[in-house]
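Respectively, the protein sequence lines represent chains L and U.
According to this note's numbering, the first sequence is numbered sequentially starting from 376.
According to this note's numbering, the second sequence is numbered sequentially starting from 30.
This report concerns only the one structure given below.
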Amino acid sequence: GAVVSQHPSWVICKSGTSVKIECRSLDFQATTMFWYRQFPKQSLMLMATSNEGSKATYEQGVEKDKFLINHASLTLSTLTVTSAHPEDSSFYICSAIAGDVEGGYTFGSGTRLTVV
Amino acid sequence: AQTVTQSQPEMSVQEAETVTLSCTYDTSESDYYLFWYKQPPSRQMILVIRQEAYKQQNATENRFSVNFQKAAKSFSLKISDSQLGDTAMYFCAPRELTGTASKLTFGTGTRLQVTL
């Protein structure tokens, strides 16, 4: 089946620095990718939808300048947390679909970000 | 945005028994998809089962089945012959069709513990 690889699985960074998370579709072309954030014992909250070759669509309340999303190819989307602060510490998960395949959502394994 | 309600934050079931997880949602669309995902301690999101709203027949996948009541906007998950490996967070997720993107909205989740 379709596989989405997400790296790194965990990262610790200092407050004020930036960190990049990669999401790759390994055996299919992902025209659309989604980025979620999950706090401990809570649900997944959609942050943004990225389409290959166009600007990402951010959900209400998500800071575009803080969470930069780039989807430059059909197999790679990146999320960069800029000027990270401790409140950005969370679990970030990406998901990809190819076109509009029914039920074709594949999730990455997630990235645990800790900002110290 | 859709509203998804999972009224059971936590549930426990003994091995080999049957358990039902509830989910209600709100949508103005007539055609859509519904999904149940599980998130075990590894935090990898795994598709359990999906239902197409235009199909009256309830979906079944081995030990997992749904009770889809479209008029009531209810989508419950039944797990038969529960196994220890079923221990996980379970999320109900309607698929919203908006523009060119199809995004999932996750419920608050139900933590299921399968005991000996």
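Each residue gets a CB set at the ideal place from its N, CA and C atoms; glycine is no exception.
Note that the coordinates shown come from a computational prediction; the quantities given were computed from them, not determined experimentally.
Min CB distance residue i to chain U below 8 Å
i: serine 380 (chain L); result: no
i: threonine 486 (chain L); result: no
i: serine 418 (chain L); result: yes
i: leucine 421 (chain L); result: yes
i: isoleucine 472 (chain L); result: yes
i: threonine 424 (chain L); result: yes
Span separating the alpha-carbon of residue i from that of residue j
i: asparagine 96 (chain U); j: glutamate 90 (chain U); result: 13 Å
i: arginine 412 (chain L); j: arginine 140 (chain U); result: 18 Å
i: threonine 453 (chain L); j: isoleucine 396 (chain L); result: 6 Å
i: leucine 145 (chain U); j: glutamate 44 (chain U); result: 5 Å
i: serine 131 (chain U); j: glycine 436 (chain L); result: 20 Å
Whole-angstrom C-beta distance between residue j and residue i, which should lie under 8 Å
i: threonine 47 (chain U); j: serine 111 (chain U); result: 7 Å
i: alanine 88 (chain U); j: glutamine 80 (chain U); result: 5 Å
i: threonine 49 (chain U); j: leucine 106 (chain U); result: 7 Å
Beta-carbon contacts of residue i that lie in its chain and below 6 Å, excluding the five residues immediately before and after
i: tyrosine 83 (chain U); result: Asp60
i: glutamine 142 (chain U); result: Ser41 and Thr116
i: serine 36 (chain U); result: Ser51
i: asparagine 426 (chain L); result: Thr407
i: alanine 431 (chain L); result: Ala423, Ser425 and Ile444
i: serine 103 (chain U); result: Thr53
i: threonine 137 (chain U); result: Gln35
i: lysine 441 (chain L); result: Thr457
Proximity test, Cβ basis, 8 Å: residue i and chain L
i: glutamine 73 (chain U); result: yes
i: glycine 114 (chain U); result: no
i: serine 131 (chain U); result: yes
i: threonine 137 (chain U); result: yes
Close beta carbons around residue i, own chain, < 7 Å, minus the five adjacent residues each side
i: leucine 76 (chain U); result: Phe64 and Tyr66
i: cysteine 388 (chain L); result: Val394, Ala459 and Val490
i: tyrosine 480 (chain L); result: Ser470 and Ile472
Close-in-space but distant-in-sequence residues of the same chain around residue i (CB under 8 Å, 5 per side omitted)
i: threonine 486 (chain L); result: Gln381, His382, Pro383, Ser384, Trp385, Val386, Ile396, Phe466, Tyr467 and Ile468
i: leucine 449 (chain L); result: Ser400, Gln404, Ala405, Thr406 and Glu427
i: phenylalanine 135 (chain U); result: Val33, Tyr66, Phe120, Cys121 and Ala122
Practice task
Please specify which runs of the beta strand (DSSP E), each continuous and at least 3 residues long, are wholly inside the region 379 to 409 of chain L, giving them in chain order.
Solution key: The region 379 to 409 of chain L contains these whole beta strand (DSSP E) runs: 379 to 382, 385 to 388 and 394 to 400.
Handout entry: Every unbroken beta strand (DSSP E) within the region 412 to 485 of chain L, with a cutoff of 3 residues, ordered by chain
Key = 419 to 426, 442 to 448, 451 to 456 and 465 to 472
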